[in-house]
Amino acid sequence: MSGDLPGRPAGGAELADRRVEREVSRSEVVFTGRVWDVVSEDVVLPGGDGPATVTREFQRHPGAVTVLALDDDERVLFIRQYRHPVRHELWELPAGLLDVEGEDPLAAAQRELAEEADLRADSWAVLADWFNSPGGSDEALRVYVARGLSSVPEGERHVREDEEADMLVVRVPLDEARDAVLAGRVHNPGAVIGVLAAWTARALGWTTLRAADAPWPEHPRLG
1 MSGDLPGRPA
11 GGAELADRRV
21 EREVSRSEVV
31 FTGRVWDVVS
41 EDVVLPGGDG
51 PATVTREFQR
61 HPGAVTVLAL
71 DDDERVLFIR
81 QYRHPVRHEL
91 WELPAGLLDV
101 EGEDPLAAAQ
111 RELAEEADLR
121 ADSWAVLADW
131 FNSPGGSDEA
141 LRVYVARGLS
151 SVPEGERHVR
161 EDEEADMLVV
171 RVPLDEARDA
181 VLAGRVHNPG
191 AVIGVLAAWT
201 ARALGWTTLR
211 AADAPWPEHP
221 RLG
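Numbering (the UniProt record's numbering), first residue to last: 1 to 223.
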């Protein structure tokens, strides 16, 4: 019976992550990378027998934004990009790092959509926010839905290089994109979250969307 299970019944309104600052007695950058660093910190945690100090190593990341671009026929734009750490070409949504000093997340999303997909959009809204791997990274991500699409003029298009040079671009009906995610054929987290969030938001009449400039206090450097 459900009454015998651990955990008390609760309402959905109670599901809200909260920021908590624990005492950090030591912080050291142990690796400096081109895009992100690795940090080692000693943090004081409460315990059953009193506070305990533990060491945690994690990736300090600038964060990123993702764009689910939806055309007038409700098709989602995907790009296929090679990702060396997993040795796969992945179907992804346009996305990019928040690595331009002082750049607003929405402006970054608009820039990435133009650079990676040669697209602009008239309508922007927030679909979802998440931490990519909170046990080992402070990377915070936000996915936008972009509608009212139009092409960037030929003479203003970004010249793509490296992994982006040979990206294949396709547009897939939202229902079929959902099916690909649930069948385990799509693995990029931004694509998985973005597609499922967009499909759910559409089913709810898009009433769950947040303003494109909605606050993002969970981002470690934007809160």
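Beta carbons are placed, not taken as given, at the ideal position from N, Cα and C, and that holds for glycine. All values derive from a computational prediction rather than experimental measurement.
Can you tell me which of the options puts its alpha carbon nearest to the alpha carbon of residue i?
| i | options | result |
| --- | --- | --- |
| ALA108 | LEU141, HIS84 and ARG87 | LEU141 |
| PHE131 | ALA69, GLU218, LEU90 and ARG120 | GLU218 |
| LEU97 | ARG83, PRO85, HIS84 and GLU112 | GLU112 |
| ARG22 | ALA198, HIS84, LEU45 and THR55 | LEU45 |
| ARG120 | TRP216, PRO153 and VAL143 | PRO153 |
| TRP139 | MET167, ASP104 and VAL65 | Trp is not the amino acid found at residue 139; the sequence shown has Glu there. Taking only the C-alpha atoms, the option nearest GLU139 is VAL65. |
| ASP122 | TYR144, PRO173 and ASP179 | TYR144 |
| LEU70 | ARG60, PRO220, GLY102 and ALA177 | ALA177 |
| ASP118 | VAL67, VAL172 and HIS84 | VAL67 |
| ALA211 | ALA146, ALA52 and ARG56 | ALA146 |
| ASP17 | ASP129, ALA197, PRO173 and VAL35 | ASP129 |
| THR55 | ARG80, ASP99 and GLY135 | GLY135 |
| VAL126 | GLY33, ALA214 and LEU222 | ALA214 |
| ARG202 | GLU74, ASP49 and PHE58 | GLU74 |
| ASP72 | PRO220, LEU204 and SER150 | SER150 |
| PHE58 | GLU28, GLN110, GLY102 and ARG8 | GLU28 |
| GLU101 | VAL35, TRP124, LEU196 and ALA197 | VAL35 |
| residue 226 | TRP124, PRO220 and TRP216 | This structure leaves residue 226 out entirely; the chain is present only between 1 and 223. |
| VAL170 | ARG80, HIS187 and GLY155 | ARG80 |
| SER25 | THR53, VAL159, GLU103 and VAL172 | THR53 |
| ASP76 | ASP4, LEU196, PRO6 and LEU5 | The amino acid at residue 76 is misidentified as Asp; the sequence shows Val. The shortest C-alpha separation from VAL76 is found at LEU196. |
| ARG157 | VAL86, GLU116, VAL192 and ASP99 | GLU116 |
Taking the beta carbon of residue i as the centre, do at least 16 other beta carbons fall within 10 Å, making it buried, or is it exposed?
| i | result |
| --- | --- |
| GLY63 | buried |
| GLY194 | buried |
| ARG19 | exposed |
| PHE31 | exposed |
| VAL84 | Checking the displayed sequence, the identity of residue 84 turns out to be His instead of Val. Exposed: under 16 other Cβ atoms inside 10 Å. |
| LEU168 | exposed |
| ALA114 | buried |
| LEU209 | buried |
| GLU14 | exposed |
| GLY190 | buried |
| ALA10 | exposed |
| PRO51 | exposed |
| PRO105 | buried |
| VAL186 | buried |
Look up residue i in the DSSP assignment and give the residues it is bridged to.
| i | result |
| --- | --- |
| SER27 | GLU41 |
| ALA117 | Note: ALA117 sits in no beta bridge, so no partner. |
| ALA16 | In the DSSP output, where bridge partners are listed per residue, ALA16 has none listed. |
| GLU57 | SER40 |
| SER137 | GLN59 |
| VAL67 | TYR144 |
| ASP129 | ARG142 |
With a threshold of 8 Å, establish whether the CB of residue i neighbours any heavy atom of the ligand PLP.
| i | result |
| --- | --- |
| LEU98 | As far as ligands go, the structure on display features none, and thus does not contain the ligand PLP. |
Exercise. Does the region 178-192 come within contact of the region 74-92, defined as at least 3 CB pairs closer than 8 Å?
Worked result: With a cut-off of 8 Å on Cβ pairs, the region 178-192 is in contact with the region 74-92, counting three or more such pairs.
Exercise. What runs of the alpha helix (DSSP H), each 4 residues or longer, lie entirely inside the region 159-220?
Worked result: With a minimum length of 4 residues, the continuous alpha helix (DSSP H) runs that stay inside the region 159-220 are 174-182 and 189-203.
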